[in-house]
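Trainee:
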Amino acid sequence: MKNKGNKGFTLIELLIVVAIIGILAGIAIPSYQDYTQQAKASQGIVGLSSYKTAIAVCYQKNGSFIDCDAGKYGIPNDILNEGQINGIKNTTILDGGIAAELEAIIPNTGDNITIKFLPIINKNAAALNWQLICWSGSSDIDEIKTIIDSCESATN
208 MKNKGNKGFT LIELLIVVAI IGILAGIAIP SYQDYTQQAK ASQGIVGLSS YKTAIAVCYQ
268 KNGSFIDCDA GKYGIPNDIL NEGQINGIKN TTILDGGIAA ELEAIIPNTG DNITIKFLPI
328 INKNAAALNW QLICWSGSSD IDEIKTIIDS CESATN
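Position in the sequence shown counted from 1, then plus 207, gives you my numbering.
#1: Could you give the DSSP three-state label for Asn-269: helix, strand or coil?
#2: So what does DSSP say about Pro-314, is it helix, strand or coil?
#3: Does the stretch 314 to 326 come close enough to the stretch 286 to 293 that 3 or more CB-CB pairs lie under 8 Å?
#4: Reducing DSSP to helix, strand and coil, say where Gln-291 ends up.
#5: Below 8 Å, how does it come out for the stretch 242 to 249 and the stretch 297 to 312: are there three or more Cβ pairs, yes or no?
#6: Considering Lys-247, what are the terminal residues of the alpha helix (DSSP H) in which it resides?
#7: Quick check on DSSP: helix, strand or coil for Ala-277?
#8: Measuring CB atoms only, is the stretch 226 to 236 touching the stretch 293 to 302, in the sense that at least three cross pairs come out at less than 8 Å?
#9: Helix or strand or just coil, what does DSSP make of Thr-260?
#10: Taking the continuous alpha helix (DSSP H) assigned at Lys-352, which residues delimit it?
#11: Under three-state DSSP, which class holds Lys-214?
#12: If contacts are defined as beta-carbon pairs under 8 Å, then Gly-303 and Cys-341 qualify, I think. What distance do you get, rounded to the angstrom?
#13: Relative to the C-alpha of Ala-277, which residue among Ser-257, Ile-354 and Gly-270 is closest?
#14: What is the DSSP secondary structure of Lys-323, reduced to helix, strand or coil?
The following block contains the structure:
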């Protein structure tokens, strides 16, 4: 009789492969969650660019940010419902400031990220810059900066 060679993998080999896949999944899944939230936050921030442009035009025409509100001087209306602009749940535009609740969340807490763009006039350079302030429920700045690293400050 001929001795047939075993074909296939041993139990130990299969267990090692399963363990390696489990370790890789444990590393990849949290990173993937962060990347998807970064994409949502980026969409929201880019979606606010039309507001920033209209507010800059309002300032040029009026010489101040007073009454540069949503629905006035060509500034788009507030977003009241999620889904009107990708990445944004709602906005409030008042005197040139833009407050927006983003669809992006902090993965550890599930809190939505809220941002505020504040216009800053540099009189010497005749330029309009925007300060980005972020906060999110009980999350601290380090958790928020994993999603939006350009936040200059954050408070609860």
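All C-beta atoms, glycine included, are put in the ideal place defined by N, C-alpha and C. This one's a predicted model, so the numbers in the text were calculated from it and none came from an experiment.
Mentor: The short version:
#1: Three-state result, Asn-269: helix.
#2: DSSP places Pro-314 outside both helix and strand once states are collapsed to three, so it counts as coil.
#3: Too few Cβ pairs lie closer than 8 Å, so no.
#4: The answer is coil: DSSP assigns Gln-291 none of H, G, I, E or B.
#5: Touching, yes, given that three or more Cβ pairs across the two stretches are closer than 8 Å.
#6: DSSP places Lys-247 in the uninterrupted alpha helix (DSSP H) bounded by 218 to 254.
#7: Looking at Ala-277 - three-state DSSP - the assignment turns out to be coil, as it is neither helix nor strand.
#8: Counting Cβ pairs under 8 Å, fewer than three are found: no touch.
#9: The three-state secondary structure of Thr-260, taken from DSSP, is helix.
#10: Lys-352 -> alpha helix (DSSP H) spans 348 to 352.
#11: Three-state DSSP puts Lys-214 in coil, outside helix and strand.
#12: Not really, about 18 Å apart at Cβ, beyond 8 Å.
#13: Each of Ser-257, Ile-354 and Gly-270 was checked against the Cα of Ala-277, and the nearest Cα belongs to Ser-257.
#14: Lys-323 falls in the strand class under three-state DSSP.
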